[in-house]
Structures are given as structure tokens and as C-alpha cells.
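S.K.:
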Amino acid sequence: MISELRLLTEKVAEFITGQPASGAAEGRFESLALEVFDFQYRNIDLYREHCRRVNRSPSNVRRWGDIPAMPVLLFKHFFLYAGQLNDVTKTFCSSGTSSPRRYSQAHFSTPGMRLMNLSIETNAAQRLFPEDRLTRILVLAPGPAQAPASIMSYGMARLITRFGVERSRFLVGANGLNLEEVISELRECQNAETPVSLLGSSFGFVHLFDALAERGLTFSLSQGSQVMHAGGYKGRSREIGPDDFIAMAQSRLGVPARRVINLLGMTELASQIYDCTSDSPDRDPSRSESTRRARRKIPPAWVRTRVVDPRALLNGEPAPVVAAGQAGVLWHLDLANVERPMAVQTEDLGVLLPGDEQGAGQAAGAGFEILGRAEGAEMRGCSLSLEDFFRAH
Numbered sequence: 009m010i011s012e013l014r015l016l017t018e019k020v021a022e023f024i025t026g027q028p029a030s031g032a033a034e035g036r037f038e039s040l041a042l043e044v045f046d047f048q049y050r051n052i053d054l055y056r057e058h059c060r061r062v063n064r065s066p067s068n069v070r071r072w073g074d075i076p077a078m079p080v081l082l083f084k085h086f087f088l089y090a091g092q093l094n095d096v097t098k099t100f101c102s103s104g105t106s107s108p109r110r111y112s113q114a115h116f117s118t119p120g121m122r123l124m125n126l127s128i129e130t131n132a133a134q135r136l137f138p139e140d141r142l143t144r145i146l147v148l149a150p151g152p153a154q155a156p157a158s159i160m161s162y163g164m165a166r167l168i169t170r171f172g173v174e175r176s177r178f179l180v181g182a183n184g185l186n187l188e189e190v191i192s193e194l195r196e197c198q199n200a201e202t203p204v205s206l207l208g209s210s211f212g213f214v215h216l217f218d219a220l221a222e223r224g225l226t227f228s229l230s231q232g233s234q235v236m237h238a239g240g241y242k243g244r245s246r247e248i249g250p251d252d253f254i255a256m257a258q259s260r261l262g263v264p265a266r267r268v269i270n271l272l273g274m275t276e277l278a279s280q281i282y283d284c285t286s287d288s289p290d291r292d293p294s295r296s297e298s299t300r301r302a303r304r305k306i307p308p309a310w311v312r313t314r315v316v317d318p319r320a321l322l323n324g325e326p327a328p329v330v331a332a333g334q335a336g337v338l339w340h341l342d343l344a345n346v347e348r349p350m351a352v353q354t355e356d357l358g359v360l361l362p363g364d365e366q367g368a369g370q371a372a373g374a375g376f377e378i379l380g381r382a383e384g385a386e387m388r389g390c391s392l393s394l395e396d397f398f399r400a401h
């Protein structure tokens, strides 16, 4: 199994770094997805049982869109890994619940960790740090030493290693956010006209914005500075909407709207999905259709996202929502998830945006917007009643 796993991770790594012309890439993605599905069907017992319940197997699945997705809830209760426990070199856990028996776990072998590192760095080079731009990276979240099971902390540490200049570091300690140090760093970067990338959890930024407002402080960070936030609020701060978040980053830090980026990351996935904001104007954000489209999330070339309706079953699986703007539950397929179920049905509610219709399966480059989370889901962000949500959309 280990030798087959290494071979598959090498093939996916070549796809991530090579990314051939779009037509060839789509065919190669399909081929790799089916090969990984066959591997996971044979080596992840619970996933194979799930596939059999919906009458899917490598013998009758011909497209990546037909690969069964594992409901994210099952990651909280079962060992979903293509190998034995002694093959695992790193395990990440979600932080969405206080119950010790109800957190997601994602297990990685050494080849799996290398593949995730490649995914993190390749995606960030395209979305956050084009042309290998280096900046001072300041992180409003605990580092790996404090939060060794946090996949977000691990990913941000990789960004510091790959793209950070001297004095890049985490600014949350044992006693929480080191506000005085954050303010000192921001002043220094502003005065020296040093671009700064301020990264962190969404609730960490709320604490920063509130503290700056209480002190009447504002900054005008230099050109090239950016804000990247992730992780929702988890009940640890007041929640603010995406428009208000962007407005606060503009007014308190002087960062233009197009440089305020939200990241979708999940413990259950090895890859992340960023806002695509390169064509977003420097203006006060609005919820106009053009601005929503400009800020859509676009998966990297090795990830696909669909919107599905859990109330409408097709061969035992939720049916895909075809029309743009029609709400449903987000479903992701991540090729970098070679040793865990690569197709994951989330508890996030979202829509495809006009022009990004998926038909039977979404193509590379299509975009979507997250609208919230289903009521009863882990508190990673805002919650909505599923039935009320569908009635409203």
C-alpha cells in the first residue's frame, strides 16, 4: 500500500506543479481522480462501505463528478485513512467543538505531508504571493508549537517559511493576542514602507479591529500589503459579515478591498480555496452581482467544487444543483487528499455564481460563494436553518 501511495502522490504532485493546457489538464484531472478513487475504495474500509450503499464502485464510476463524497460528519467519528495507524506521521484535529469525542481528524503519512506542503505553497504562490513576492508575514493565530493539531497553524507556518522575510512570525502567545507587539510591528512597517501580509483567524482580526477602534488607531500600510483571514468565528468573538470585515480592513489598516482575501480551509482537506479578487476594484464593497462575482472563491486546478441538494437524491447521492444562484451544500474533491476520502460533502451552504454553471460537474476555474452553515453544524461560522435557507433561495 505504501509504495502505491507514494506513486499516486508523485502523480498528483506532477499535476499540481505541471498544470498543462486547460483541455489536457481536465482530462488528466479526470484520470487521476478515478485512479485515486480506485485506491481509496480498496484501502479505506468505511469509505468502501459508503460507496456500496450508494451503488458506486470503480467498475461503474466513469467521471470524477460521480465519485461518492464522504459526509464531513463521519470524519468526527471514524478512522478514515488508507493505511494503518502506525503509518501515520501527523494528525490534525478540528477545533469546532469542545467535545473530545466530536472533532474531525485528518491523518497524514510522510508522502501525504509532502503533497500537502506542495499544495499549500503552490496555491499561495498563485493567489497570495505572485512572482515569489516576499513580505513580512505576521500571523494573528497560535503557532504550531502552541497548536500542534491545527492544520491552519501548520499551513501559515509553511507560508512564513516559504514567503516570509526576516521577523515574520506568529503574534498569539499563551496569553492570547499580543496587541502591543502587533501595533508596534504595524507602525514599523508603515513608517519603513515595508509590505506586510497580516494573516490569521477571522475572530483574531475582530479582536484587533475592536482594539484599534477603542484606541482610535488607524494605519496606512504600504502598497503590496494584504490581509488574509480564515476559520470563521467559532463563538470566540462577535461575528461580522464579509462586507463589514473588508470595510474594517480598509479603514483601520489602509488595505484596499482587492487585497483583503478570505481563505476556505478544512481539516478534512489538504488544499485551500482563496477568494479570487484580482479584478475587484478598490472601492467600498457592495453586494452587487458584479462585486460578488469579482470576489468569488475559485478552487486551484487540483480541486473541484460542486453545489448539491441534499434533499434530492440521485442514485443515493445528493443531486447536483445546476442553475447558478441556486443554493445548496458545498461538495469538494481534492486530489491532494490521496490517503483520506478526497470527495467531501461539507456542512457549508453556498451558490455558484452567474457564468460558472457546473452542469453535471464543475470545471476548473468556476467560482462559488459561501453563504453560511447549516443549523446544527459545528460552530465555525454563521449558522442557518437548512429548511429556512432553501425556502429563502
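Using my numbering, the final residue of the sequence shown is 401, and nothing's skipped along the way. Using N, Cα and C, we set each Cβ at its ideal position, and we do this for glycine too.
1. Going by C-alpha to C-alpha distance, which of N63, Q113, T202, L16 sits closest to A344?
2. Compute the distance between the beta-carbons of V69 and E325, then report whether it is under 7 Å.
3. Once DSSP output is grouped into helix, strand and coil, what is the label at S205?
4. Out of G333, T313, D356, L206, point me to the one whose CA is closest to L136's CA.
5. Taking L271 as part of the alpha helix (DSSP H), name the residues at either end of that continuous run.
6. Please classify S210: is it buried, with 16 or more other beta-carbons within 10 angstroms of its beta-carbon, or exposed?
7. Roughly how far, in whole angstroms, is the beta-carbon of I281 from the beta-carbon of V329, given that I think they are within contact range, below 8 Å?
8. I need the boundaries of the alpha helix (DSSP H) containing K19, first residue and last residue.
9. Only counting runs of 4 or more residues, tell me where the alpha helix (DSSP H) segments fall wholly within the segment 92-164, in order along the chain.
10. If you follow the alpha helix (DSSP H) that V62 is in, where does it begin and where does it stop?
11. Which partner residues does R195 have in the DSSP bridge list?
12. Report whether the distance from the Cβ of S117 to the nearest heavy atom of the ligand FAD is below 6 Å.
13. Starting from the Cα of D140, find the closest Cα among L148, L146, T130 and give me that residue.
14. Residues in the same chain with beta-carbon distance under 7 Å from T97, minus the five sequence neighbours each way, listed in chain order, please.
15. Starting from R312 and walking both ways along the beta strand (DSSP E), at which residues does that stretch end?
16. Can you tell me where the alpha helix (DSSP H) with M256 in it begins and where it stops?
17. F45 and I410 - do their beta-carbons sit closer together than 7 Å?
18. Have a look at R303, L321, I254, G336 and flag the residue whose alpha-carbon is nearest the alpha-carbon of R314.
19. Going by other Cβ atoms of all chains shown within 10 Å of its Cβ, with 16 needed for buried, is L321 buried or exposed?
20. Applying the 10 Å Cβ sphere with the 16-neighbour rule, what's the burial state of Q48?
21. Could you tell me which residues DSSP puts in a beta bridge with L341?
22. Reducing DSSP to helix, strand and coil, say where A327 ends up.
23. Kindly indicate which residue of I248, A182, R175, F217 has the alpha-carbon position closest to the one of G380.
24. On the DSSP letters alone, give me the boundaries of the beta strand (DSSP E) that G181 sits inside.
25. Do L187 and A219 have their C-beta atoms closer together than 7 Å?
26. Based on Cα-Cα distance, which residue from I10, T202, N199 lies nearest to D95?
27. Opposite G35 in the DSSP bridges: which residues?
28. Cα separation between Q198 and G273?
29. So, are the CB atoms of V190 and M164 less than 7 Å apart?
30. Look up Y282 in the DSSP assignment and give the residues it is bridged to.
M.R.: On the basis of the coordinates in this document:
1. On the sequence shown, position 336 is the one that residue 344 refers to. Looking at the Cα atoms, L16 is the closest of the given residues.
2. On the sequence shown, position 61 is the one that residue 69 refers to. On the sequence shown, position 317 is the one that residue 325 refers to. No, Cβ-Cβ distance for V69 and E325 is not below 7 Å.
3. To locate residue 205, count along the sequence shown from 1; it is residue 197. Strand, per DSSP.
4. Within the sequence shown, the letter at position 128 stands for residue 136. Per the Cα distances, L206.
5. Position 263 of the sequence shown, counted from the first residue, corresponds to residue 271. From DSSP, L271 is part of no alpha helix (DSSP H) but of the beta strand (DSSP E) over 268-272.
6. On the sequence shown, residue 210 is found 202 positions in, with the first residue counted as 1. Buried, by the Cβ-count rule.
7. As a working mapping, residue 281 is identified with position 273 in the sequence shown. As a working mapping, residue 329 is identified with position 321 in the sequence shown. I281 to V329, Cβ: 18 Å. No contact.
8. In the sequence shown, counting from the first residue as 1, residue 19 sits at position 11. K19 -> alpha helix (DSSP H) spans 10-26.
9. If we require 4 residues or more, the alpha helix (DSSP H) runs fully inside the segment 92-164 come out as 118-135.
10. Counting from 1 along the sequence shown, the entry for residue 62 is found at position 54. No alpha helix (DSSP H) holds V62; DSSP gives it neither H nor E.
11. Reading the sequence shown from its first residue, position 187 is the one you call residue 195. For R195, DSSP records no beta bridge to any residue.
12. For the structure depicted, the ligand FAD is absent and the ligand set is empty, with no information on it obtainable.
13. For the purposes of this step, residue 140 is identified with residue 132 of the sequence shown, where counting begins at 1. Put simply, of L148, L146, T130 the residue whose alpha carbon is nearest the alpha carbon of D140 is T130.
14. The residue given as residue 97 occupies position 89 in the sequence shown. Excluding residues within five positions, the ones whose Cβ falls inside 7 Å are F116, S117, T118, M121.
15. Taking the sequence shown and counting its residues from 1, one reaches residue 312 at position 304. R312 -> beta strand (DSSP E) spans 311-322.
16. As a working note, residue 256 is residue 248 in the sequence shown. It spans 250-256 - the alpha helix (DSSP H) in which M256 sits, taken as one unbroken run.
17. With the chain running from 9 to 401 in the structure shown, residue 410 is simply not present.
18. Here residue 314 refers to the residue found at position 306 when the sequence shown is read from its first residue. For R314, the closest of R303, L321, I254, G336 by C-alpha to C-alpha distance is G336.
19. Here residue 321 refers to the residue found at position 313 when the sequence shown is read from its first residue. Burial call: exposed.
20. For the purposes of this step, residue 48 is taken as residue 40 along the sequence shown, with counting starting at 1. Answer is buried; the Cβ neighbour count reaches 16.
21. Against the sequence shown, residue 341 aligns to sequence position 333. Looking at the DSSP assignment, L341 forms a beta bridge with R312, A351.
22. In the sequence shown, counting from the first residue as 1, residue 327 sits at position 319. In this structure, A327 counts as strand in the three-state DSSP scheme.
23. By 1-based counting over the sequence shown, the position of residue 380 is 372. Checked all of I248, A182, R175, F217; the closest Cα to G380 is I248.
24. Position 173 of the sequence shown, counting from 1, holds the residue named residue 181. 177-181 is the extent of the beta strand (DSSP E) around G181.
25. Position 179 of the sequence shown, counting from 1, holds the residue named residue 187. Position 211 of the sequence shown, counting from 1, holds the residue named residue 219. Yes, the pair counts as a contact, with Cβ atoms nearer than the cut-off.
26. Here residue 95 corresponds to residue number 87 of the sequence shown, with the count starting at 1. Ranking the options by Cα distance to D95, first place goes to I10.
27. Position 27 of the sequence shown holds residue 35. BP columns for G35 are empty, so no partner.
28. Taking the sequence shown and counting its residues from 1, one reaches residue 198 at position 190. Taking the sequence shown and counting its residues from 1, one reaches residue 273 at position 265. Cα to Cα, Q198 sits roughly 30 Å from G273.
29. Taking the sequence shown and counting its residues from 1, the one referred to as residue 190 is at position 182. Taking the sequence shown and counting its residues from 1, the one referred to as residue 164 is at position 156. Going by C-beta atoms, V190 is not nearer than 7 Å to M164.
30. Indexing the sequence shown from 1 puts residue 282 at position 274. Paired residue(s): L271, I306.
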